[in-house]
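K.L.:
One structure follows; several queries about it will come next.
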Amino acid sequence: MTALALETVTKSFPSVEGRVEVLRGVSLDIARGSAHALTGESGSGKSTLLHIAAGLEQADSGRVLVGQSDLTTLDEAGRAALRRGHVGLIFQQFNLIPSLSVAANLGFQARLAGKHDADFIIHLAQRLGVADLLSRYPEQLSGGQQQRVAIGRCLAARPALVLADEPTGNLDEETGDRVLDLMLELTAETGAALLLVTHSSRLAARCEARHHLRAGRMEGTE
Amino acid sequence: MTRAALAALLSHWARNKLQLAMLLAGLALATALWSGVQALNAEARSAYATAEALLSEGATARLDHPSGQIAQESFGALRRAGWLVSPVLEARVTLGDARVTLIGIEPLTAPPGAGPALAAEDLAAFFSGRGFAHPQTLREIRDVPREIRPSEAVPVGTVLVDIGQAQAILQSDHLTSLTLAQTQPEGLRPLETLVPELRLLSPGEGAELAGLTDSFHLNLTAFGLLAFAVGLFIVHSAVGLAFEQRRAMFRTLRALGLPLRTLTACLATELLLMALVAGAAGLVLGYALAALLMPDVALTLRGLYGAPVPGALQFNPLWALAGLGMALGGTALAGAQALWRLWHLPPLAPAQPRAWAHASARGMRVQSALAGALALLAIILAVYGTGLLAGFLLLAATLLAAALAVPLVLTTVLRLAERAARGPLAEWFWADSRQNLPRLSLALMALMLALAANIGVGTMVASFRATFIDWLDLRLVAEVNVIPRSQDEARALEAFLAPRADAVLPMLRVEAQLSGQPAQIYAMKDHATFRDNWPLIDPVPQVWDRLAAAEGVLVNEQLYRRSGLRAGDELDLPQIGPMPVLGAYPDYGNPLAQAVITLPRFSEIWPEAPIRQLAIRTEDAPTLIAALQDEFGLSAAQITDQAQAKEISLAIFERTFVITRALNLLTLSVAALALFAALVTLAGMRLAQLAPLWALGLTPRQLAGLELTRALVMGGLTMLLALPVGLVLAQVLLAVINVQAFGWRLPLQVFPGDWARLGLWAALAVLAAASLPALRLWRQGPAQLLRVFAHER
Amino acid sequence: MGRGGLRQRGCIWLLALLLALPAPLMGQGFAGLGADAEGFAVPERGRALDFPTDHGPHPDYRIEWWYLTATLTGADGQDYGVQWTLFRSALAPGEAEGWASPQVWMGHAGLTSATGHFAAERFARGGIGQAGVTASPFHAHIDDWHMTGHARPGEDVLDRLELHARGSEFHYTLEFTAEGPLVLQGDQGYSVKSPEGQASYYYSQPFYTVSGMLHLPDGPVEVSGQGWLDREWSSQPLSPQQLGWDWVSLIFDDGHRMMGFQVRGREGFTAGTWITPDGTPTPLPDGALRFTPLARTRINGRDVPTSWQIDWPEGGLSITTEPLNPSAWMDLSVSYWEGPLRFTGTHEGRGYLEMTGY
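Residue numbers (this note's numbering), protein chains in the order written: chain V, 90 to 311; chain E, 676 to 1468; chain D, 177 to 534.
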């Protein structure tokens, strides 16, 4: 069963030298429970692809399917609702809500989506090793701890699709590896599909499938 | 190097034009309100000086008579005895379309002054009828029945003529005072034996305009200062924000080898430039504001104190310099913190703004302690303070304490709300509001100040108005009032009216000193008009009977409060001696002390006191007025009916608070601008906080709605907080300031309708302030929010 | 602008009128009145003066004065001089009751010693009793200053006068007794003042003996000496080209009297009267007298010739005057020099000098 499908998606941006085509007909298919990596150099369009998959940006043409829903037919509110209920997003930084405690951050999306499960959240917190930090605030946490909370918050809502954009980019290698391990482990446990955007082939190697973008075109899939 | 650094620093503003606009607008407005108020004060004070210089009253002693009239023979007798005195005749008359003060002088004997100098330009013309008046008064008179020349040396509302002309106009052969030349020959017979009936007034006495109007000007100054402070809030937050945003730039510049000293100097120069630009703009605005308000200020001062102030504004370079100085000082004050922080900044300090919430925790503790201390001071002042200054200090302490307590109170309220909240969004909403409070708190404090001032002053004015109208209804019971042209006419009128009216109540008074204050003693005929209608404060039993039996005096509230009198205390009356005080009566709008004794006793002591007015009780006013006009040929200016009298009194009252209201509104506008500035500059920082929520599935529209709601909630909470503070303020104004400044105490009345209206205005102001950032978030939300997550950030 | 400045500017025209000051000062003041003496009576040659009526005021004429000077010697052996003047100036011809009177009065009093000079002034409106003159019995006053006649029956009303004036630093009370007749100046009292023919009515009583008390800041001094009264009224100011005048009254040790003046200007003009001890006047025509300034004194920023040589070649007279106090400046609303003098040369005696327009 497909968790995310992109069909010949194009995207261009206006710039001083005219329109820049960032995505030139990209297709992608990710089944539920599988972990895919998307690699490419800076400016290859991988972040844009992720943003389009999340409904943060709209494709110029092509189709974007998340589960059964075609994102290109939804308006901003529809895309937001879809994100709330079905998609988990993890970024390099600015993931947590600074005014809420770790506990509140962990439960936030699940409660927004109406899928709150306290036991599951405690379970996740223990698995992620942040159970002792529940009453703290994001700024009191290290980078690694912050990303673990972000993963927990994302998974607590039981999304069908997890989109991660360089989630370990701000972390040192050792910490990053541990965070990635947890992410892969837990997405697999919850049966969510994962699309990991990274420029590191070492990290990409940990996923089941790898896609490489170059100048807006999918160069190959392994 | 310096130039490059300065250019780099200034480039920040080119990219943050709105922030720059806010900073400049805040400073300009603060300067405008302050300097505008100062211009008004300066103009009024210069008018008082003009009034005093006309007959050089500040330098010369004068003689007058308690009845207000001096026989001309006294002048001749004094001159023949060698005393250098000069006659003056002063009276209110209707000239053309205006009611003016007519001053007749004798230029040959008058002590040097602006008036005699005018007359001496052409004595022959002056003697034969030429007069002088302020250009504004000349315009008000319009159809001048004689030659009156414009002169700025004559106070507004005054017409200067020759003494002989004045007597002819007034159909009088009396004088009102004699001025004494500064140096008199030696060896003359003393005045006490020559003219025992006359009273010697030392120089400046009786010309206490400056003293009387002090409270009014203090009032204006307090408002100007409040507005200035509110404006400085804007400047402070804008400068602070610009500092935070440029931390990275400071780091880079210093890493590139720019000395800290130079960098600090550059930043100071930048502040100086802005202060100059905004200060200049503020001066222009302030001048325009003052010019706009001047006519109302003039009318207020004329109505309340009889102070002759022109309605037009003069430009004074010294005022401009002072205003600019205030702008520079204010900027220095508002920017000092930023400069100090720059000076103590390690070269490679983190470029990211520190977490405000935690940095401000200590600040909030200090602030709360300060608020507590100020509140304590306010309580001490309320209990032990005396005098107008203590009253204003009490006001300032109360306002500041309340303003400083705003963050603490709001934090507590928001924390409680957060606890009570159900649902993730509500929780986030309250938590986020609380976390952002430190950045908004300055603006909210400013808003609180403005709202509290508004509620306080509004309540005071409305309470005053309600009391005043009730009082007017009681006081102005006589259906018709007539001003006789002469004492013969007064007696004839009395005789004519006796069989035709229900009652004729003559108004007689003499000037006197009571408890060391300039005062008037009035005669009161024992009549139901007074017994039934005059409201009294602390009367003794059978007060009216005792007054009629000449067993005591009534005093007005001003004298009662200023001299700390109580019913039963003795008051020393000239030529009568001590008499017990039987009670006090409210006497709004009168700066002088007053005492009332019964008419028969009054006539015994001052048989020559002229009847100034006759109050007539009648069932059929129109018929009586017609009869008076037919029989005595009285002019319209001599007869006022009840309705007219009320109308005039109310009009004066309304004018009195026009300025207060205008300044109030302006202060509120500045506060709204402060909030706007804070919200707009905050909006940029908010994106990073809002972006995760967007990623988690909230639409920009929802986020914008939440932001707007947040601003409204904060504004609403501030308004709620301002309400009790405003009431305390009103109570202080009514029970302390008014008593000190005017001498009357008024009951506090509450006007929830006014609060609702103010609440609506405040909500609109907050909405206006919050809608631009919210609108931006809604319309350009995705694009902006996305940038937060973009890697290049 | 200083207080004095205001005052001075205001009153300059008045003084110009009273003292017939020259043109530069007059332009402003006369502009509104008409330079041709419109409405005012004008002196006519040949009109006989009528006493005591003419001792009183002539409200139809523009200007008039009662001008007393006295050269005195104190019990302390010191010389003193006293001046007392009442000026009348009409803003319009005629008299009216109360403040409507167009008459303005001004009093000047001076007291000079070798070391001091005091001056005082008073102003008053006519019509209200503050100042005025009645001819018979004679009484002239302004405020508490007065010149009161105590003449016995058969005497001229001016023959016995009591004089009083008071300033902030001085006052004096003097008795004047006439030892000779009134003297008509010019042509039977018609005195020409310029080549253009401006003229005034002018008579004098130059034969007073004086006694009384002066009260100076240092204390009272009993004095005695001789006095001179000038009465003059006119409606015609000096001609525009005339700048001011120098006037002397001289009392010779041998009993003769002489009045002389020169009007300075583009065309100078002199006149005088030689008076024998029995009061017979001889008018001295224009040019008969020569005035030569000898020494100048700097007073109040002006150069004033305080010592003169006066020659009357046809009368064999050549004298040099020395002021008692060269600083006898009347620093009043409008200032001029007026003080006592002694003269030596072909003749000796005492006198008074008045100089205007400096």
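Don't be surprised by glycine CBs; every beta carbon is placed ideally from N, CA and C.
All figures in this text were calculated on a predicted structure; none of them were measured in a lab.
Name the chain V residues that come within less than 7 Å of ASP1107(E), Cβ to Cβ?
P.N.:
Position 432 of the second sequence, counted from the first residue, corresponds to residue 1107(E). SER188, listed in chain order.
K.L.:
Which of the three DSSP states, helix, strand or coil, is assigned to SER761(E)?
P.N.:
Translated into the one-based positions of the second sequence, residue 761(E) becomes position 86. Looking at SER761(E) - three-state DSSP - the assignment turns out to be strand.
K.L.:
With DSSP as the reference, please indicate the residues paired to GLY1231(E) in a beta bridge.
P.N.:
As a first step, residue 1231(E) must be located in the second sequence, where it is residue number 556. The residue asked about is misnamed: residue 1231(E) is Asn in this sequence, not Gly. Note: ASN1231(E) sits in a beta bridge opposite TYR1260(E).
K.L.:
Please report the distance separating the alpha-carbon of GLY203(V) from that of ARG1451(E).
P.N.:
Taking the first residue of the first sequence as position 1, residue 203(V) is located at position 114. Taking the first residue of the second sequence as position 1, residue 1451(E) is located at position 776. The straight-line gap from Cα to Cα measures roughly 29 Å.
K.L.:
To test your reading of the DSSP string, which unbroken alpha helix (DSSP H) runs of 4 or more residues are found completely within the stretch 1384-1423 of chain E?
P.N.:
Within the stretch 1384-1423 of chain E, the complete alpha helix (DSSP H) runs of at least 4 residues are 1413-1416.
K.L.:
Leaving out the 5 sequence neighbours to the left and right, which residues in its chain are closer than 6 Å to THR1061(E) when beta-carbon positions are compared?
P.N.:
Here residue 1061(E) corresponds to residue number 386 of the second sequence, with the count starting at 1. Closer than 6 Å at the Cβ level, and outside the excluded window around THR1061(E), lies no residue.
K.L.:
For chain D, is any of its Cβ atoms less than 8 Å away from the one on LEU783(E)?
P.N.:
Walking along the second sequence from the start, residue 783(E) turns up at place 108. Yes, its Cβ sits closer than 8 Å to a Cβ of chain D.
K.L.:
Whose Cβ in chain A lies nearer than 8 Å to the Cβ of PHE197(V)?
P.N.:
Chain labels in this structure do not include chain A; the protein chains are V, E and D.
K.L.:
From GLY114(V) to THR99(V), what distance separates their C-alpha atoms?
P.N.:
Mapped onto the first sequence, residue 114(V) falls at position 25. Mapped onto the first sequence, residue 99(V) falls at position 10. The straight-line gap from Cα to Cα measures roughly 5 Å.
K.L.:
With a cut-off of 8 Å, does the C-beta of VAL109(V) fall near any C-beta of chain E?
P.N.:
For the purposes of this step, residue 109(V) is taken as residue 20 along the first sequence, with counting starting at 1. VAL109(V) does not count as touching chain E.
K.L.:
So, at 6 Å on beta carbons, what are the nonlocal neighbours of ARG737(E) in its own chain, with the 5 sequence-adjacent residues on each side left out?
P.N.:
Mapped onto the second sequence, residue 737(E) falls at position 62. Answer for ARG737(E): SER852, THR854 and LEU876, listed in chain order.
K.L.:
Just verifying my parser: in three-state terms, what is the DSSP assignment at GLN402(D)?
P.N.:
The sequence position of residue 402(D) within the third sequence is 226, counting from 1. Here GLN402(D) sits in strand by DSSP.
K.L.:
Check the Cβ of ARG200(V) against every Cβ in chain E and list those closer than 8 Å, keeping chain order.
P.N.:
Taking the first residue of the first sequence as 1, we reach residue 200(V) at position 111. Ordered by position in chain E, the residues that pass the 8 Å Cβ test against ARG200(V) are GLY1098 and PRO1099.
K.L.:
For ASN691(E), is the classification buried or exposed, using 16 other Cβ atoms within 10 angstroms of its Cβ as the cut-off for buried?
P.N.:
Your numbering for residue 691(E) matches position 16 in the second sequence. So ASN691(E) ends up on the buried side.
K.L.:
Report yes or no: is there a C-beta of chain V within less than 8 Å of the C-beta of PRO1448(E)?
P.N.:
Here residue 1448(E) refers to the residue found at position 773 when the second sequence is read from its first residue. No, no contact with chain V.
K.L.:
Beta carbon of LYS135(V), beta carbon of GLY144(V): below 8 Å?
P.N.:
Here the question's residue 135(V) lines up with position 46 in the first sequence. Here the question's residue 144(V) lines up with position 55 in the first sequence. Contact: no.
K.L.:
Could you check where the alpha helix (DSSP H) with PRO457(D) kicks off and where it finishes?
P.N.:
Sequence index remark: in the third sequence, residue 457(D) carries index 281 (1-based). Not the alpha helix (DSSP H): PRO457(D) falls in the beta strand (DSSP E), residues 457-460.
K.L.:
For ARG442(D), decide whether its Cβ has a neighbour in chain E, counting only Cβ atoms nearer than 8 Å.
P.N.:
By one-based count along the third sequence, residue 442(D) stands at place 266. False, the Cβ-Cβ gap to chain E never drops below 8 Å.
K.L.:
Measuring CB to CB, does LEU988(E) end up less than 8 Å from VAL829(E)?
P.N.:
Taking the first residue of the second sequence as position 1, residue 988(E) is located at position 313. Taking the first residue of the second sequence as position 1, residue 829(E) is located at position 154. In this structure, VAL829(E) does not lie closer than 8 Å to LEU988(E) by Cβ.
K.L.:
Suppose you measure from the CA of ALA192(V) to the CA of ASP254(V); what does that come to, to the nearest Å?
P.N.:
Position 103 of the first sequence holds residue 192(V). Position 165 of the first sequence holds residue 254(V). One C-alpha to the other measures close to 23 Å.
K.L.:
Would you mind working out which of TRP505(D), ALA447(D), GLY388(D) and GLN254(D) sits nearest GLU351(D), comparing C-alpha positions?
P.N.:
Here residue 351(D) refers to the residue found at position 175 of the third sequence. Ranking the options by Cα distance to GLU351(D), first place goes to GLY388(D).
K.L.:
Pick out the complete beta strand (DSSP E) segments inside the stretch 800-830 of chain E, 3 residues or longer, and give them in chain order.
P.N.:
Complete beta strand (DSSP E) runs here, min 3: 806-808 and 823-825.
K.L.:
I'd like to know if ALA679(E) contacts chain V, where contact means its C-beta is closer than 8 Å to some C-beta of that chain.
P.N.:
On the second sequence, position 4 is the one that residue 679(E) refers to. Answer no: the Cβ-Cβ gap between ALA679(E) and chain V never drops below 8 Å.
K.L.:
By a C-beta neighbour count over all protein chains shown, 10 Å radius and 16 as the cutoff for buried, is LEU1064(E) buried or exposed?
P.N.:
As a working mapping, residue 1064(E) is identified with position 389 in the second sequence. Classification of LEU1064(E): exposed, given that the 10 Å Cβ count is below 16.
K.L.:
Could you list the residues in the stretch 138-160 of chain V with a C-beta less than 8 Å from some C-beta on chain E, going in chain order?
P.N.:
Listed in sequence order: HIS140, ALA143, LEU145 and GLU146.
K.L.:
Should TRP421(D) go down as buried or exposed, given a rule of 16 or more other Cβ atoms within 10 Å for buried?
P.N.:
The residue labelled residue 421(D) in the question sits at position 245 within the third sequence. So TRP421(D) ends up on the buried side.
K.L.:
Could you tell me whether the Cβ of LEU267(D) comes closer than 8 Å to any Cβ of chain E?
P.N.:
Here residue 267(D) refers to the residue found at position 91 of the third sequence. Closer than 8 Å to some Cβ of chain E, the Cβ of LEU267(D) qualifies, so yes.
K.L.:
Against ALA756(E), what residues of chain D qualify as contacts under a CB-to-CB distance less than 7 Å, listed in chain order?
P.N.:
In the second sequence, the residue the question calls residue 756(E) occupies position 81. Within chain D, the residues near ALA756(E) are ASP320.
K.L.:
What whole-angstrom Cβ distance do ILE155(D) and THR497(D) have, given they're in contact under 8 Å?
P.N.:
Residue 155(D) falls outside the range modelled here, since chain D spans only 177 to 534, and no answer is possible.
K.L.:
Could you check if ILE638(E) is buried or exposed, using at least 16 other CB atoms within 10 Å of its CB as the buried criterion?
P.N.:
Here chain E covers residues 676 to 1468 and nothing more, so residue 638(E) does not appear.
K.L.:
Report all residues from its chain with a CB closer than 7 Å to the CB of ARG152(V); omit the five preceding and five following residues, and keep chain order.
P.N.:
Counting from 1 along the first sequence, the entry for residue 152(V) is found at position 63. Taken in chain order, the residues that qualify are GLU96, ASP159 and THR161.
K.L.:
Measuring CB to CB, does SER123(V) end up less than 8 Å from ALA282(V)?
P.N.:
Taking the first sequence and counting its residues from 1, one reaches residue 123(V) at position 34. Taking the first sequence and counting its residues from 1, one reaches residue 282(V) at position 193. Yes.
K.L.:
Given a cut-off of 8 Å on the beta-carbon distance, is the pair ALA1187(E) and PRO741(E) in contact?
P.N.:
Looking up residue 1187(E) in the second sequence gives position 512. Looking up residue 741(E) in the second sequence gives position 66. Yes. Within cutoff.
K.L.:
Which of helix, strand or coil does DSSP assign to PRO1255(E)?
P.N.:
By one-based count along the second sequence, residue 1255(E) stands at place 580. Strand at PRO1255(E).
K.L.:
Should PRO1266(E) be flagged as near chain V, meaning a C-beta pair shorter than 8 Å?
P.N.:
Walking along the second sequence from the start, residue 1266(E) turns up at place 591. So, not an interface residue.
K.L.:
Is it the case that the stretch 983-998 of chain E contacts the stretch 952-969 of chain E, given that we only count it when at least three CB pairs across the two stretches are under 8 Å?
P.N.:
Short answer: they touch.
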